[in-house]
Amino acid sequence: MKSAQIDRRTLLKGGLAGAGALALGGLAAPAAHAADWKVLPFTYQAQQTGYWCGPTATAIALSCRGITVSQQEMANELGTTVDGTNWIGQVTSVLDNYVGWYQTKEMPNDPPTQAQKDLLWQDITFNVDHGYALVANIVAPPGNQPPGYPSDQTIYHYFTVVGYNPDLMQAYIADPADFSGNQTYWLSFDQLASLIPPKGYSA
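The sequence shown lines up with residues -34 to -1, 1 to 169 when you count with mature numbering (1 follows the signal peptide of the UniProt record, and there is no 0).
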């Protein structure tokens, strides 16, 4: 089912990248020690199976647009199997089908280039300023993991970026894995940028 679509390219051409702040909702963000942070309203879900992080991250992203979908619906539409969701482009296709807007951004370089990092930050701020979350496909090895992750293994995962803090260069994450009870958290932008390669994100 497709709702009214907005094309991000039209907005970019129209010079609206500086559009105003959005209200905080859903799970309240913890203190970010800065006045300018923005977090979108969203509905959190913890993934119901060990391989539904892609469907759940996608459902959380759609909740930022006021759209409620089940993890099962998303798994069906994404073609998710017991091996997970194969490619971030599948997420982009489903998000675009519901709300337009989304594009796949690959980050094949590990570590990412400065140009890739600059684009990621631009995409985070532009998306959130206009009411759209990002979905990131990450690879989190021991020694470089978000809070609560099992430190003895590399985690291949999807989570949702629902906010940002420009003063501290942080992204606010809604993480369907709920590792050790860490459903949401602030993550430094540099760490986020290091986790995405060689995968990608939908923005």
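Where is the CB? At the ideal position from N, CA and C, for every residue including glycine.
Going by beta-carbon coordinates alone, are residue i and residue j separated by less than 9 Å?
i: residue 172; j: S146; result: Any property of residue 172 remains undetermined from this structure, which presents the chain solely from -34 to 169.
i: residue 228; j: N103; result: A question about residue 228 goes unanswered here, because the residues of the chain that appear run from -34 up to 169.
i: P164; j: V101; result: no
i: I139; j: P78; result: no
i: A143; j: V127; result: no
i: Y124; j: T9; result: no
i: Y130; j: K4; result: yes
Quick one: what does DSSP say residue i is sitting in, helix, strand or coil?
i: G147; result: helix
i: A(-14); result: In this predicted model, A(-14) has a pLDDT of only 32, less than 50, meaning its place in the structure is not dependable enough to derive any value.
i: T79; result: coil
i: I139; result: strand
i: A12; result: coil
i: N93; result: helix
i: L(-8); result: In this prediction, L(-8) has a pLDDT of 46, which is less than 50 and means its spatial position is unreliable; what the coordinates show is noted afterwards. DSSP places L(-8) in coil when its eight states are reduced to three.
From which residue to which residue does the alpha helix (DSSP H) around residue i run?
i: V60; result: I54 to V65
i: L158; result: F155 to L161
Would you report the Cα separation of residue i and residue j, rounded to the nearest angstrom?
i: A159; j: K83; result: 6 Å
i: G45; j: Q56; result: 8 Å
i: S168; j: H96; result: 15 Å
i: A41; j: D2; result: 35 Å
i: D156; j: S36; result: 32 Å
i: F61; j: L28; result: Checking the displayed sequence, the identity of residue 61 turns out to be Leu instead of Phe. Computed Cα separation, rounded: 7 Å.
i: W67; j: D89; result: 12 Å
i: T120; j: M73; result: 18 Å
i: T70; j: A81; result: 16 Å
i: N52; j: C19; result: 11 Å
i: E39; j: D133; result: 38 Å
i: Y17; j: Y122; result: 10 Å
i: V48; j: T91; result: 33 Å
i: D118; j: T34; result: 35 Å
With residue i as the anchor, note down where its beta strand (DSSP E) starts and where it stops.
i: A106; result: L100 to A106
i: G166; result: G166 to S168
i: Y115; result: Note, Y115: premise wrong, no beta strand (DSSP E); not H, not E.
i: Y122; result: I121 to N131
i: T51; result: Looking at the DSSP string, T51 is not in any beta strand (DSSP E), and its letter there is neither H nor E.
Quiz item: Of all the alpha helix (DSSP H) runs that stay within the bounds of the region 3 to 49, which reach a length of 4 or more residues?
Solution: Whole alpha helix (DSSP H) segments, 4+ residues: 19 to 29 and 37 to 44.
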